[in-house]
Amino acid sequence: MREFFVAFRSRAEAVRFYEELASYRISGRLINTPSSAKVGCGLSVKLFAKDMQQAKIILQRGRYASAIGFYYFGANGNAIRL
Numbered sequence: 302m303r304e305f306f307v308a309f310r311s312r313a314e315a316v317r318f319y320e321e322l323a324s325y326r327i328s329g330r331l332i333n334t335p336s337s338a339k340v341g342c343g344l345s346v347k348l349f350a351k352d353m354q355q356a357k358i359i360l361q362r363g364r365y366a367s368a369i370g371f372y373y374f375g376a377n378g379n380a381i382r383l
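For this note's numbering, count along the sequence shown from 1 and bump the result up by 301.
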């Protein structure tokens, strides 16, 4: 697993999380939540696996109530919850 994404119920919180990651110089991207995840508002934040621990800490500190969870892309391209 090289990359994963964090799905959100709120577009505003997804953008806020992305901006907070950038303030810590963590590379991420706002993406459309894959339809195979079948969750959320339509926006997720995609990150490298090496940044997962930092992302978890930022999520906890920021109290992102709309964060649904961490997902990765399976071999067939489907989103799988971690």
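All C-beta atoms in this analysis are idealised placements derived from N, C-alpha and C, irrespective of residue type, glycine included.
Buried or exposed by the 16-neighbour rule on C-beta atoms within 10 Å, applied to residue i
i	result
Y319	buried
A315	buried
A323	exposed
A376	exposed
Close-in-space but distant-in-sequence residues of the same chain around residue i (CB under 7 Å, 5 per side omitted)
i	result
K347	E304, F306, G329, R330 and I332
N369	Before going further, note that residue 369 is Ile rather than Asn in the sequence given. If we look at I369 and ignore the five residues flanking it on each side, its Cβ neighbours are A308, F309, R310, V340 and G341.
A350	M302, R303, E304 and F305
A338	A308, Y372 and A380
Cβ neighbours of residue i in the same chain (closer than 6 Å, five flanking residues each side left out)
i	result
D352	I327
R312	C342 and L344
Nearest-angstrom beta carbon gap, residue j and residue i [assumed within contact, 8 Å]
i	j	result
G359	Y325	Note that residue 359 is Ile in the sequence shown here, rather than Gly. Indeed, because the Cβ distance is near 7 Å, the residues count as touching under 8 Å.
Y365	L383	With a Cβ gap of about 16 Å, Y365 and L383 do not count as contacting.
E321	G363	6 Å
Exercise for the section: Tell me the start and end of each unbroken beta strand (DSSP E) in the segment 324-352 that is at least 3 residues and wholly inside, in chain order. Expected result: 329-333 and 344-349
Problem - Secondary structure, beta strand (DSSP E): runs of 3+ residues fully inside the segment 350-376 - result: 368-374
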